[in-house]
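Chemist: Input: one structure, supplied below.
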Amino acid sequence: MRRIWALLITAVFVYFLIGIYLPTLPEFGNIDMFRRVSFDYISKSTTREYQPVEFKHSKGLEEGSANVVTSIVVNYRSFDTLGEVTVLFTAALGVGILASIRKRRVEFEEHRVLSVATGIVFPLILLFGAYIFIHGHLTPGGGFPGGTVIALGVLLLMLAKNEFKVTDVAKYTEQIAGSGYVLVGLIGMAIAGVFLANFFPTGIVGELFSAGVVPIVYTLIGFKVGAELSSLVSELREGDRA
Amino acid sequence: MTNIFEFFSNLQLIDWVFYFVGGLMIVFSLFAVEAKKVFDSILALSALSLLSVLLFIVLKAPDVAITEAAVGSGLASAVMIFALFRIKAGEKK
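Heads up: the protein sequence lines correspond to chains X and E, in order.
Here the first sequence is numbered in my numbering, starting from 1 and rising by one per residue.
Here the second sequence is numbered in my numbering, starting from 1001 and rising by one per residue.
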């Protein structure tokens, strides 16, 4: 009986989604972009007249990151990203409170191949994570995936060595990076008059040192997310009984 | 009947990839709901995330694809497996 109800409810949802909602959407890839706000974001011209943006040539735009997603997430909608970081912090806080109810520690059998291979692979994973968030304004990626990749490297270390534990350094890193983001916003307010304003010169589109505060903010977010998630996973594993 | 035949004869290769991956995703999600062990459900959810990464890349959203590959199929399943082990360790005692 439960299954019949589930099937019925699913069928109603699928009917409304495919039969009624989907035909109202424009065809995939054929949106008239010139009548939308996103066109101003993509051409980086919300405050000035439209000029074509050229890779490695355009200079002194109002926003200088080559990756359009980053330019929206960290520049035009930076306050939203601050809220996102806060949501992640709240989630980690909840897991920490739940994990403080001590139980048996999760242990694995150590395997020689895994521990030797981890010694080789772990620096490469760290490097890749750092690359993802340092180049967040040039290539796909950014602070959140980069930090997660670093946390995955720490997870591999935890699986390889039984006594490995993330120390309090991760918590201090997270606190410093998180308050650094707010500090960047306050400096922007002091210089340009708006919270989280881009107060550095934006440089040439496509170069590593461009886009003003975006690389700084993404590096801070990468450190914060990496430290937060790795300490979360480690906290979930610890227990008072061996 | 002719309608169905025309529909399938007009498909491009990329559409076949879409339908194949989408069908596999439905199968994995049904398996995650119906599996007897919780561990199997977690593995099925991880595979579901990995398949959605493929669709994100085809739809030209590499940002979302990287995030989904790292969070959805990597860290989320690790966190769930750790939580499962902790629950089991509490039950056995």
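The beta carbon of each residue, even a glycine, is placed where N, CA and C say it ideally should be.
Just so we're clear, the structure is a prediction, and the values are computed from it rather than from any experiment.
1. Could you pull out every residue in the same chain whose Cβ sits closer than 7 Å to the Cβ of GLY1072(E), ignoring the five residues on either side in sequence?
2. Please state whether the Cβ-Cβ distance between GLY222(X) and ILE176(X) is less than 9 Å.
3. Exposed or buried, which one is ASN198(X) when buried takes at least 16 other CB atoms within 10 Å?
4. Throw me the rounded Cβ distance for the THR219(X) and LEU61(X) pair, which I believe falls under 8 Å.
5. When you compare each of ILE18(X), THR70(X), HIS111(X), THR24(X) to LEU159(X) by their alpha carbons, which one comes out closest?
6. Give the single residue among LEU1075(E), LYS1088(E), LEU1084(E) whose Cα lies nearest to the Cα of LEU232(X).
7. Would ILE1026(E) pass as an interface residue toward chain X - the criterion being a Cβ-Cβ separation below 9 Å?
8. With 16 as the cutoff for other CB atoms within 10 Å, does GLY1023(E) come out buried or exposed?
9. Give me the chain X residues within the contact set of ILE1066(E), using Cβ-Cβ distance strictly less than 8 Å, ordered along the chain.
10. Looking only at C-alpha atoms, which of VAL116(X), ARG104(X), VAL87(X) sits nearest to PHE144(X)?
11. Under 9 Å, Cβ to Cβ, is there at least one residue of chain X near GLY1074(E)?
12. Provide the residue span of the alpha helix (DSSP H) that contains LYS171(X), from first to last.
13. Anything in chain X within Cβ reach of PHE1085(E), meaning under 7 Å, just list it in chain order.
14. Can you tell me whether SER100(X) is buried or exposed? The criterion is at least 16 other CB atoms within 10 Å of its CB, across all chains shown.
15. Can you grab the Cα-Cα spacing for the pair ILE134(X) / GLY193(X), in whole Å?
16. Can you tell me the Cα-Cα spacing of ALA6(X) and GLY19(X), whole angstroms?
17. Threshold first: 4 residues or longer. Then list the alpha helix (DSSP H) segments lying entirely within the region 44-111 of chain X, N to C.
18. Along the chain, where does the alpha helix (DSSP H) containing TYR15(X) start, and where does it finish?
19. Restricting to Cα atoms, I'd like to know which of SER78(X), SER230(X), PRO23(X), MET33(X) is closest to PRO215(X).
20. Please list the partners that PHE1008(E) has in chain X, where partner means a Cβ-to-Cβ separation under 9 Å.
21. Is it right to say ASP1063(E) is buried, meaning 16 or more other beta carbons lie within 10 angstroms of its own, or is it exposed?
22. So for ILE31(X), helix, strand or coil by DSSP?
23. Would you check if the distance between the CB atom of ALA1065(E) and the CB atom of VAL1079(E) is smaller than 9 Å?
24. Suppose the cutoff is 6 Å on Cβ atoms and the five residues either side in sequence are ignored; what does the same chain contact list for GLY212(X) look like?
Modeler: In brief:
1. SER1049
2. Result no, Cβ atoms of GLY222(X) and ILE176(X) do not sit closer than 9 Å.
3. buried
4. About 21 Å separates the CB atoms of THR219(X) and LEU61(X); that is not less than 8 Å, and the two are not in contact.
5. HIS111(X)
6. LEU1075(E)
7. no
8. Under this definition GLY1023(E) is an exposed residue.
9. ILE132, PRO140, GLY141, PRO145
10. VAL87(X)
11. Yes, GLY1074(E) lies at the interface with chain X (some Cβ there is under 9 Å from its Cβ).
12. In the DSSP annotation of this structure, the continuous segment of the alpha helix (DSSP H) that includes LYS171(X) starts and ends at 169-192.
13. Within chain X, the residues whose beta carbon sits less than 7 Å from that of PHE1085(E) are VAL106, listed in sequence order.
14. exposed
15. CA-CA distance, ILE134(X) to GLY193(X), rounds to 27 Å.
16. Cα-Cα distance, rounded: 19 Å.
17. 78-99
18. Element bounds for TYR15(X): n/a, residue is neither H nor E.
19. SER78(X)
20. Per Cβ cutoff of 9 Å: no residues; PHE1008(E) is ~18 Å from chain X at best.
21. buried
22. Reduced to three states, the DSSP call for ILE31(X) is coil.
23. Against a cut-off of 9 Å, the Cβ pair of VAL1079(E) and ALA1065(E) comes out as no contact.
24. Answer for GLY212(X): ASN198, PHE200, THR202, listed in chain order.
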